[in-house]
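Just below is one structure, and these are the notes that go with it.
Number of protein chains: 4
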Amino acid sequence: MSVLVNFAIFPLDKGESVSQYVARAVKIIKDSGLPCNLGPMGTSIEGEWDEVMMAVTRCFEALTKDCDRIYFTIAGDYRKKGKDRITAKVESVEGKL
Amino acid sequence: MSVLVNFAIFPLDKGESVSQYVARAVKIIKDSGLPCNLGPMGTSIEGEWDEVMMAVTRCFEALTKDCDRIYFTIAGDYRKKGKDRITAKVESVEGKL
Amino acid sequence: MSVLVNFAIFPLDKGESVSQYVARAVKIIKDSGLPCNLGPMGTSIEGEWDEVMMAVTRCFEALTKDCDRIYFTIAGDYRKKGKDRITAKVESVEGKL
Amino acid sequence: MSVLVNFAIFPLDKGESVSQYVARAVKIIKDSGLPCNLGPMGTSIEGEWDEVMMAVTRCFEALTKDCDRIYFTIAGDYRKKGKDRITAKVESVEGKL
C-alpha cells in the first residue's frame, strides 16, 4: 500500500529562521532511503504507509528534543495501481499541458 | 509527547458523495477512545503521537479495502507543556476576542 | 459558488504563544458575518468564494502589520448543490455512525 | 507582501484519474507569469498576495465549469524580508544538510 505524501514540519518557538530544523528533518528523510523530493513548501516522500510514517515519526522525535512547539502537515495520496508516482504524477500532468 | 491533529480522509473514486467513507473513519477514531471532535473539514484528535498515528493508520487501512484512490491530510500541533488542548486552544482564543 | 473552508493562520516570529494573533484573525472572520465555527486546528468558514477569500485576505493583512513571518493553510470543499454545509456535513456523517 | 504557497486542486466527482483537471489548473498558473514549480503534491507559486489569489481563483472557476465537487488546499508562507523564496528556501535547507 504505497502512498505519496507532502510533509512539512517546523518549530514555532525558534523565531523567524527555521531552516536548520527543517534540514534536520530532511536529512532523516533522505537517510530513510525512500524516494523523496525537497520542495519550497515541504518534502514529497513515496513508500509503503509504514515506511513513510516511520520517517515522519523520526523527524517529529528529532525536533521534540529541543523545540517546545512544533507544527506539521502531511497531505497524502494513495492509489492502488500507482507506482513511481513521485515522478509519474508530474509527467502525467505535463503531458497534458 | 501529546499532539493535537486535524485529520481528513476521503476516496476520489467513489463519486461526489463520500460521507459513508468519512463515517467509517470517524467511527474508528471514536472507538480509539482518544479525545476527538468531528468538524465540517476534518476530525480533531488529541493523544500521544503513537496513539494518534495508530488511529489514523486504521482509518487508512479501512478505506483501502474498497477504495482505489484516497486523499488525506493531517495538520498537527505539538506543545511540550500542552494539556487538554482540544478544548483549551479554543477557550484561549475565545478569551481574547 | 459557495465554498466551505478550514482556515488557520499564525506567526512564526512571536514565540510559542500565538493565541492573541489567532484571536485577531478570528475576530475579523466573525465580523465578516459569514457562518463560521472556531475549532482547535482552524476556523471553518462558509460563503461565496469571493466573500471567503476577502475575509482570509483581511486576516492576512491584519497579521502582516506586526508579524515578519506568517504561515497559513486553507483547505476548501466546493459542492455545486451544497447548502448550509458547515452544519450539514457533520450531520450527514453523524447520521451514518 | 509577497507570499509563497503550495496549491493543490482536484475534483471528487470525476473518478480516479484527475490529471486533466490538474493540468487545466497548472496551465492557468503558468499563464499567470508568476514563478511556479509543479510538484507531485501541488504547485508552488510565488507572488504578491493578490496576484497569487487571483491565479488560484481562476483555477477554481475553471474547474467549477464542469466539476460538481472540488477539493483544494493552499498552504502559504509569508516572510517580510523574503525574496525569490521559491528557489532560496530549498537552497537554504540544502546548504545545511
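Protein chains in written order, with the numbering used here: chain S, 6 to 102; chain F, 6 to 102; chain C, 6 to 102; chain U, 6 to 102.
Glycine residues also receive a C-beta, built at the ideal position from the N, C-alpha and C atoms.
Because the structure is a prediction, the values reported are computed rather than measured.
Check	Outcome
Which residues of chain F have a Cβ atom closer than 7 Å to the Cβ of Ile75 (chain S), listed in chain order?	Tyr83
Residues in its own chain within less than 6 Å of Asp73 (chain C) by CB, not counting five upstream and five downstream?	Asp18
Spatial neighbours of Met46 (chain C) within its chain, please: CB distance less than 7 Å, with the 5 preceding and 5 following residues excluded, ordered by chain position.	Ala13
Do three or more CB pairs link the stretch 36-53 of chain U to the stretch 36-50 of chain C at distances below 8 Å?	no
Where Thr78 (chain U) and Gly81 (chain C) are concerned, what is the direct C-alpha to C-alpha distance, given to the nearest angstrom?	6 Å
Is it the case that the Cβ atoms of Ser24 (chain F) and Lys88 (chain C) are separated by a distance below 7 Å?	no
Taking a Cβ distance cut-off of 9 Å, strictly less, list which residues of the stretch 53-68 of chain F are near chain S, in chain order.	Trp54, Asp55, Met58, Val61, Thr62, Phe65, Glu66 and Leu68
So Ile75 (chain U) and Tyr26 (chain C) are supposed to be a Cβ contact under 8 Å. How far apart are they, rounded?	With 8 Å as the limit, Ile75 (chain U) and Tyr26 (chain C) do not qualify as a contact, their Cβ atoms being about 30 Å apart.
Cα-Cα, which of U:Val31, U:Pro16 and U:Ser7 is closest to Lys85 (chain C)?	U:Pro16
Is Gly100 (chain F) near the ligand ADP, with its Cβ less than 6 Å from a heavy atom?	Among the components of this structure there are no ligands whatsoever, and the ligand ADP is therefore not found.
Would you kindly work out how many angstroms separate the C-alpha atoms of Val61 (chain F) and Arg29 (chain S), rounded to a whole number?	25 Å
Around the Cβ of Lys70 (chain C), are there at least 16 other Cβ atoms within 10 angstroms (buried) or fewer (exposed)?	exposed
Under the DSSP definition of a beta bridge, which residues are partnered with Tyr76 (chain S)?	S:Phe15 and F:Asp82
Per DSSP, what are the beta-bridge partners of Thr48 (chain U) in this structure?	U:Phe12 and U:Leu43
Would Gly38 (chain F) be called buried (16 or more neighbouring beta carbons within 10 Å of its own) or exposed?	exposed
Report the three-state DSSP secondary structure of Ser22 (chain C) (helix, strand or coil).	coil
Can you name the start and end residues of the alpha helix (DSSP H) that Leu68 (chain S) belongs to?	Trp54 to Thr69
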